[in-house]
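Residue 232, in my numbering, is where the sequence shown stops; the numbers in between run on with no holes.
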Amino acid sequence: MTATQQPADARPTDRGPVPASVPARLAATAFVTDEGHPHIVIDQQVARATGAAAVLVPICPAHVYSLAPDGTLAAEYAACLECGTCLAVAPAGSLVWHYPRGGQGVAYREG
Ligand code: SF4
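Below, the structure written as C-alpha cells:
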C-alpha cells in the first residue's frame, strides 16, 4: 500500500481517513526500545507470593506478560502500549512501572 492508498476499513475524519479497526490502527504504531533500560521490572518473589501472573498475563492488551513453566513472570517491555492497566491492577510491590525515557517506547500514529 502506498502513502496515498487507504485500508478498506478507513473512515474519514477532520484529519483525513483513519483505519476503523483497532488492529489496523495499532498496526500503525511504532516502537523504540530503550535497550538496557526496561520500564517494567518485576519483583519475582512478590509476584509469586501474590499470584500476580494470574492478573497480569490475561489483562495486558499487548501480551507483554508471560509465565514460564518454572513460575517466572516475564515482561517483554518492548511491546508495551503504555496504557497503565497492569500498574493499576498489579498486586502491591509486584512490579515497578514507569514511562520509558523521552523518545523511547510506543509512538502512536494516526491520520
Ligand atoms: S502498560 Fe498496558 S500494554 Fe504495557 S504492559 Fe501494562 S497492561 Fe500491557
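Note that beta-carbon positions come from the ideal geometry of N, C-alpha and C, so glycine has one too.
{"query": "In angstroms with no decimal places, state the Cα-to-Cα distance between Leu188 and Ala174.", "result": "7 Å"}
{"query": "Under the three-state reduction of DSSP, which class applies to Leu202: helix, strand or coil?", "result": "coil"}
{"query": "From the DSSP secondary-structure annotation, give me the bridge partner or partners of Tyr186.", "result": "Ala196"}
{"query": "To the nearest angstrom, report how far apart Ser142 and Ala149 are at their CA atoms.", "result": "11 Å"}
{"query": "Taking Trp218 as the reference, which of Gly192, Val153, Thr171, Leu177 has the closest Cα?", "result": "Leu177"}
{"query": "Note down the Cα distance separating Ala200 from Val210, rounded to an integer number of angstroms.", "result": "19 Å"}
{"query": "Taking the beta carbon of Gly223 as the centre, do at least 16 other beta carbons fall within 10 Å, making it buried, or is it exposed?", "result": "exposed"}
{"query": "Classify Ala148 as helix, strand or coil using the three-state DSSP reduction.", "result": "coil"}
{"query": "Taking the alpha carbon of His158 as the point to measure from, which residue in Ala213, Tyr198, Cys204, Ala145 has its own alpha carbon closest?", "result": "Tyr198"}
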